[in-house]
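Everything in the sequence shown is counted per my numbering, starting at 2 for the first residue and increasing by one.
Glycine included, every Cβ here is placed at the ideal spot set by N, Cα and C.
For clarity, every value in this text was computed on a predicted model and none was experimentally measured.
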Amino acid sequence: IPLQHAHPDVLKRMKRPADMDWVRRTIEKMRKAIPDLAIRTTFIVGYPGETDAEFSALLDFMQEIQFDHVGAFPFSFEPGTSSEPLGDTVSESVKQARMQALMSLQENISLMRNQAWIGKPLTVLIEGQGDGISVGRSFRDAPEIDGLVIVENEIEVGSLVPVLINGAMTHDLTGSLVIE
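What follows is the structure, given as structure tokens:
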């Protein structure tokens, strides 16, 4: 879900939909319908005019929603875009500080959400192996963007296998093959 921000004023400046109550209700409905749903989004920090209060609202929204995966980018001024008339009003140092704060918060959320998988089975598509382990992805992980599931056995690449999760890191999970 490419939300880009959570404060309605920033979203309006971005010319994006700004009904965050609708977003909250929609995510709640999705999670009720699919309890193990993994939700990923992207945010831009330092958009022209973004205030400390607007940025804080974004962090509060992230804490409330608890996204599984977040990509974040500092605003980059580009001539000829619809944002050009707004200028580049947020300093690079503020953008970088906001990026660091946002990603630090998300790392804590991601770790907590990953820890909730400990003791549960996940189906994993094996993508590589070596040195007694295999690596793969579950339904929760997009290739080249999200984390991996590290499995304690060497398993044939391309196999879809049940894995019991026994450990969690910020981005990755660890587990062992479930022998049936």
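Quick check on residue i: does DSSP put it in helix, strand or coil?
i, result
"Val158", "coil"
"Leu38", "coil"
"Ala7", "coil"
"Arg141", "coil"
"Ser1", "No answer is possible for residue 1: the residues shown for the chain start at 2 and end at 181."
Taking the alpha carbon of residue i as the point to measure from, which residue in the options has its own alpha carbon closest?
i, options, result
"Tyr48", "Ile35, Phe78 and Asp147", "Phe78"
"Thr43", "Ala34, Asp37, Phe62 and Met31", "Phe62"
"Val164", "Met113, Gly137, Leu12 and Glu65", "Gly137"
"Gln64", "Glu128, Ile166, Ala7 and Ser94", "Ala7"
"Arg41", "Met31, Gln107, Glu51 and His70", "His70"
"Met104", "Phe68, Pro122 and Pro3", "Phe68"
"Trp23", "Pro9, Ile35 and Met15", "Pro9"
"Ile28", "Ser83, Leu4, Lys13 and Pro80", "Leu4"
"Glu145", "Leu123, Leu178 and His172", "His172"
"Leu38", "Ser94, Val11, Glu128 and Ile2", "Ile2"
"Lys16", "Ile66, Ser57 and Glu85", "Glu85"
"Gly129", "Ala143, Ser92, Val150 and Lys33", "Val150"
Using 9 Å as the threshold, is the C-beta distance between residue i and residue j below it?
i, j, result
"Ile45", "Ala19", "no"
"Val158", "Ile134", "no"
"Ala98", "Leu60", "no"
"Gly131", "Glu155", "yes"
"Leu174", "Ile166", "yes"
"Gly50", "Arg14", "yes"
"Arg141", "Leu126", "no"
"Ile119", "Gly88", "no"
According to DSSP, which residues form a beta bridge with residue i?
i, result
"Ile146", "Its beta-bridge partners do not exist; DSSP assigns none."
"Thr124", "Pro163"
"Pro75", "Val46"
"Ala169", "Leu174"
"Ile134", "Gly131"
"Val152", "Ser135 and Gly176"
Looking at the C-beta of residue i, does it have a partner C-beta in chain C at a distance below 9 Å?
i, result
"Leu106", "The chain labelled as chain C is not found in the depicted structure, where only one protein chain is given."
Looking only at its chain, what residues have a beta carbon closer than 8 Å to the beta carbon of residue i, apart from the 5 residues adjacent to it on each side?
i, result
"Met170", "Leu112, Asn115 and Gly148"
"Leu106", "Leu60, Met63 and Gln64"
Looking only at its chain, what residues have a beta carbon closer than 7 Å to the beta carbon of residue i, apart from the 5 residues adjacent to it on each side?
i, result
"Lys96", "Val46, Gly47, Pro75 and Phe76"
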